[in-house]
Structures are given as structure tokens and as C-alpha cells.
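Below you'll find the structure, written out as C-alpha cells, and then a few comments.
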Amino acid sequence: MDRESIEKALSKPALYGPDIDLSKYRLDEPSMGELNEKELESIDNVLDKLGFQKTPLSYVQIDESARYRIMEKFLSKYGAKIMPLRKALDEIDLAKKISWKIIKPDTDKYTASTYLHGGEIGYFIYVPPHTRIPIPIYTCLAIIGEKKIQFAHNVVYVDEGGEAHLVTGCAVPHGVREGIHIGISEFYVARNARLTYTMIHAWAEGLHVRPRTGVYVEESGEYVSYYVVYSPIASLQTYPKVYLSKNSRAYLASITAASGSGIYDLGAKTILGENNSSSEIISRVVARDNSQVYARADIEAHSSNTRGHIECLGLLLSDNAIVSSIPIITSKKPGALLSHEAAIGMIAEKELVYLMSKGFTEEEARAILIRGFMNVEAPSIPKNIRAEINRILDLVSKYAVG
Amino acid sequence: MLLEIRELSSCINDKVIVNKVNLSVDRGEIHVIMGPNGSGKSTLLSTIMGLPHIRVCNGRILFDGLDITDKPSYERAKLGIALAHQYPPEIKGVKFSDIAKAIISKYGCGDCSLMARILRVDELLDRDLFVGFSGGEKKRSELYLVMLQSPKLALLDEPDSGVDVESIEYIANAIEYLRSRGTAVILVTHTGMITNKLSRINRIHIMINGTIKYNGYPDEVLPVIMKFGYSRGLEVLNRTFKGGI
Ligand SMILES: Nc1ncnc2c1ncn2[C@@H]1O[C@H](COP(=O)(O)OP(=O)(O)OP(=O)(O)O)[C@@H](O)[C@H]1O
Ligand SMILES: [Mg+2]
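Just so you know, the protein sequences line up as chains A and B, in that order. Quick note on my numbering: the first sequence kicks off at 30 and runs consecutively. Quick note on my numbering: the second sequence kicks off at 62 and runs consecutively.
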């Protein structure tokens, strides 16, 4: 792709979400290195906020600095690699070959500026053929400076028959007021491989967030994503896209607990490209205060004998919040079976009354019901991550009640 | 006296449903309330529990010497009143075991696994609360949650309706167990099945049109009601026993 068209894209707004003037934010010189004491403290604070236990992190990014060595050794035991993408682009041919192939740099101003100014900070992970990494790979991206822009470009390749479980937490420690996070993620799931990706976002009122995610799943591969956002935010706009080959499948669940006056524009698109591919897009939205949530989902079938389903459920907790569900299903071949269901409502009075008669206060009862509402059973998520998610959802349901 | 209800009337949407009811229940007693559909039995129990859609329009409810007439239901629950709902709602996403745990952590139940065994609910605990439960499973599960509260007063709204013969046995065992711990029970039922299985019932109350029209001992009341139904039965009872007490 020629540089000129990418530079032109620097002023190209995204299709959805409020347009952000990136020149208002400061960009540090992208760098790599070790964590210092002060950063460690901030990271502890961020982990608390994310509800993570003090897990061994594989990769930490603070503002524009990549800190990665922490678990490198552990992963190398399996022949797996994790390093800042910038380093990978120098050392590993595969990284060079696949970087910026799923997501085009000129997609919008966020991808273009990441390409041009991001310095390829972010993580690169490679899982060798037929290798299952038994423990989750934790990564954490934090913005600890004020009015900063954080670019992250992540590339993951799970080779044939491999399996990995990625958990990424993105957050600001308490006290940070403004900033923007732009995360470009490109995931390759090779034949018979499986990748689960759990992402938890805990930002703050003045933060804008623009993740750009593209996933390519080869024959008989599986991709599962589980996305949770529960903090207030200025705006969040994302529309991950997953391409599915023969016999492959994808499951994308998102759980949004919106609050404050944030704009949460969350989508997911799957392309059922080949025979016998299938996908499910599930979302749960709880909105309070003055938040606005747009839950988008799009399944496009290009082959017969494919299946796709969208399910969006919303819970409106305030007069001033908005939840909008925008599902699209498109079939380009007979024999594709696509469906969607959406429902927006409020907490069922009967259930609330029932729980209160069992001795729960109204707040406790609401939290239990919201917690239940957010329970979606993602398949293939290992037990330990499931437990982590459960802990986080416990936290989220408390936030959601306010 | 554990529970004392005086001249209690309750309204739903300004319509009087329960009308000037008097009722006294002491520790460890079992009282049975029977009456035709729509006569106000559930509404009476709901009024004692303090469910929000019901307004007390006359009278007082005293529990353990405390006037609870204006207290919200969760406070009554904490004081020791528990209600087994006639129709507990299906709650998607919320595990039966999670609610059980939450109740246990509130009430600190010491013998829960025993109760789970009495009521045969073990296999249901992993499922969403009441979702897809059969009629009988719902009844046993709801009674189990009531038992976890270790209540001083258990209000059981038709725990035996739609329940098979064996399960009625389990439910009767559970009620006996509650009594053995000193819990007072108010039991609403339509059938003699459950009453026959209980070792001792202190009183049977017949409720008609929101009013308790008759109360007496099981041996005098049950055979007559079972044979003649409520309206004829009451006539017979009034003639024979001169109005009970
Ligand atoms: N939420 C409500 N709104 C309107 N009317 C109600 C409501 N709940 C109860 N009622 C009315 O109050 C009356 C008494 O109802 P209740 O449920 O107490 O009867 P019941 O004696 O328990 O009957 P059943 O044996 O059928 O369970 C009925 O006429 C019923 O329609
Ligand atoms: Mg009833």
C-alpha cells in the first residue's frame, strides 16, 4: 500500500462513533524496555481495577512503551513466542509477512495514524503447530499519563492445531482523566487451531477508545472472543470482523455495562466465507445514567450450508440512557441459515419482588438479576478464565447497579 | 405469640382482597388455610410477607412482639419470615446454587446439605433458577430456599400442588423438620394429601371471599370439607359445631 493513500486516510473519520481530533493528544516516542518501580505501582492499580488477580503478565504496555520480558521464558518452554511487534518485525519473517494484512492501514484515521506514528508497539504472539498453551496468556495495556495517545498493534498467529487463550486487560489507573487508546489487532487462526480472546476494558470518563480487530480463521479453526467493558468512558467504537473458512466457527460475546455519558458503539461482523462455517454473535447491554449504546452485529453468508445467529439483549436502567440494537443478516447463497433476535427491556419486577422476599435488599436483588442477565456461557473458554470472567462480572454487576 | 394478625385487610389496586382477618400463630405450630380459588389465601400470605403490590388498608401485623405492618419484605425476611411462593418466577442466568449460596451467607444455615437431601434438589442446583423446572421440582426447590432461611415463620403457599405422591412425602418431611426446629408454619393447601401426612396440625382455617369463615381442628373440619365442598361444608360445620372458634 502506498504511503500517500495512508497519509490521506489520516483525516478519514470512522464509519461509526464520534470523530476524534487526534492532534489534541500527546504521543510519546514509542519504546521498549523494562518496567520501573513507578510503573509497577500503576500496573498494580490497573490490575485491581480490572479485577485480575496478580497474574504473571506476558506483556505490559504503558502509554507507548512496551514491557514484555516478564513471561517470555515461560512461553518459550512451549516454543511459543511473545515480544513487542516492533522486535518481531525485525526478527521474524512471519510477522513481517502477515502484519497489516487483515486490517488495511488506510481503513480510517485511527488505523492510518497507528501505521504511521505507532512505531509498531504492541505484542506479537506465535504459537507453534500442535502446541497447546495450557495457561492463559495475560497482557495488559495501560495509559498512565494525562492526555496521551496510546497506539498498540497486536499480531497473533496460532499455527496449525495449536491452541492459545489470550486475556487482555486495558485500563487507566485511577486519576487519569483524558486520553485515547487505539488498538489494532490482527489474529490468524490456522487449520484446526483455536484461539480464545478475552478482553476487559476499564477506562475512565474522558477516555476515547478505538479498537480495530480483524480475525482470519482457516479450515476447521475456532475463534472465541469474550469482551467486557464496564467503566465509564468518553466514547468507544469498535467493529471487529472475522472471516471464516470451511468448517470453521466463531463465537463472539460482548458484555457492556454502560454508565456516565459515554457513547458505546460496539459491533461484531462475521463473514461465513466457506462451506459449513458458522458463527454466533451474542451481546448483553446494561445502560444507566446518560449512556448511549449501539450494539451492532452483522453476519454475511457467502456460502451455502452455513449458520449464523445474532442475539442482543439490552437492559435499560435509566430514563436518560439509550440502547439501540442494529442487527444485520445477509445471505448471498441459498442454504445459509441466518437468524437474529433482539430484546430491550428492564429488570423484571416479579423477579425483583421475589428476591426481596427472600431477604435481599433492592440493591442486592438488582445486582443479582443484572449479574444473571450478563451470564453468557461462551463455549471453549477454559475453566480458569471462566472463573476470572465470573469474578469480573461480579464486579461489573455492582458497577451496573451504580 | 409469634404472629398476631388483628383485623387485617389488604387491598390490591384499591380493591379489598383480604377482609378483617384475625389470626394468631405460636412457635412450632402448624396452621392450615384452605378455601376456594381466588378467596385470598395467597394474598394473605403475601400481606404477611409484605410484598409491595399489596397495601394494608386496615389492621396490624405483629411479629415477635414487633409491629411489622409497614416494613418492607426484605426486613421481614431478616426478622425470620419466609414465603414459599405459589408461583416462583423463572430467573434466567441466575443459578439455583448461587441464590442458595447467597441465602446461606445471609442466614448462615448449618444443616443445608441435609435439607437438600430431604427435598432431593441436588441435581437441580446447577441449573438456572426454576427455568424449565417441572411443577414438582419448582415446589421442592422453593421450599428448599425457604428452609435455608431458617425462618421462625414459614408461609407455604400450596407446596403440594401438582406434586407426585413421593414428592409430597419429601415435602411433608421437610415441614416436619421445620417444626422440629421450632418453626411455625402457615400452610395453604387444597388437598388432604399433605395434611394427612403431617403428624399434628394445630388449626385449619377456612377462607372464603377474603374472610376466615371458620376455624377448627383437622379431624372435625377436613372430612366435612372433603365430602361437601366449601359452601355446603361450612353449613354442615356451623350446624354441627356451632361456628367453631
Ligand atoms: N396482582 C393482582 N392484581 C389484581 N388482582 C389480584 C392480584 N392478585 C390477586 N388478585 C385477586 O385477588 C383475589 C385473591 O387472589 P389470591 O391469589 O389471593 O387467591 P387464592 O385464594 O390464593 O387462590 P388460588 O387457590 O387460586 O391460589 C383474586 O380475585 C385475584 O384475582
Ligand atoms: Mg393462591
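We put the beta carbon where it would ideally sit given N, CA and C, even for glycine.
Would you say the beta carbon of B:GLU203 comes nearer than 7 Å to a heavy atom of ligand 2? no
Would a check of beta-carbon distances place B:MET95 closer than 8 Å to chain A? no
Comparing the C-beta of B:VAL155 with each C-beta of chain A, is any distance below 8 Å? yes
Against chain B: residues of the segment 390–401 of chain A by CB proximity under 9 Å: THR390, GLU391, GLU393, ALA394, ILE397, LEU398, ARG400, GLY401
Give a yes or no on whether the minimum CB-CB distance between B:TYR205 and chain E is below 8 Å. Within the model displayed, chain E is absent; protein chains A and B are what it includes.
Partners in chain A for B:SER166, counting only beta-carbon separations shorter than 8 Å: Within 8 Å Cβ-Cβ: nothing; B:SER166 doesn't reach chain A, min ~11 Å.
8 Å Cβ cutoff, B:LEU239 in contact with chain A: no
Taking only beta-carbon positions, decide if A:TYR383 is within less than 8 Å of chain B. yes
Which residues in the same chain have their Cβ closer than 6 Å to the Cβ of A:LYS110, if we skip the five residues on either side of it in sequence? TYR155
If you draw a straight line from the alpha carbon of B:SER100 to that of A:ALA326, how long is it in whole angstroms? 50 Å
N- and C-terminal bounds of the beta strand (DSSP E) containing A:CYS432: For chain A, the structure presents residues 30 to 431; residue 432 of chain A sits outside this window and is missing.
Cβ of A:VAL392 versus every heavy atom of ligand 2: is any distance shorter than 7 Å? Strictly speaking, residue 392 of chain A in this sequence is Glu, with Val absent from that position. False, no ligand heavy atom lies under 7 Å from that Cβ.
Answer with buried or exposed for B:GLY304, where buried requires no fewer than 16 other C-beta atoms within 10 angstroms of its C-beta. With a pLDDT of only 49 at B:GLY304, under 50, the local geometry of the prediction cannot be trusted, and the value read off the model is given with reservation. By the neighbour-count rule (16 or more Cβ atoms within 10 Å), B:GLY304 is not buried but exposed.
Could you give the first and the last residue of the continuous beta strand (DSSP E) run that contains A:ALA282? 278–287
Sequence-distant residues of the same chain with beta carbon closer than 6 Å to A:ARG21, five excluded per side: Past the edges of chain A, shown from 30 to 431, lies residue 21 of chain A, and the structure says nothing about it.
With a 10 Å radius around its C-beta and 16 neighbouring C-beta atoms as the bar for buried, classify A:GLY204 as buried or exposed. exposed
What beta strand (DSSP E) runs, 3 residues minimum, are completely inside the segment 171–215 of chain A? 177–187, 192–200
In angstroms with no decimal places, state the Cα-to-Cα distance between A:LYS176 and A:LEU76. 21 Å
For B:PRO212: DSSP bridge partner residues: B:PRO212 is not bridged to any residue.
Along the alpha helix (DSSP H) that carries B:ALA233, what are the first and last residues, could you check? 226–241
Residues of chain A with a CB under 9 Å from the CB of B:ILE152: which are they? ALA377, GLU380, TYR383, LEU384, ILE397, LEU398, GLY401
Pairwise C-alpha distance: A:GLU309 and A:SER333: 17 Å
Between B:ILE265 and ligand 1, is there a pair consisting of the residue's CB and a ligand heavy atom that are separated by less than 7 Å? no
I want to see whether chain B comes within less than 8 Å of A:LYS387, judged by CB atoms only; does it? yes
Cβ of B:SER71 within 7 Å of any heavy atom in ligand 2? no
Short CB-CB distance (under 8 Å) between A:ASN304 and chain B: no
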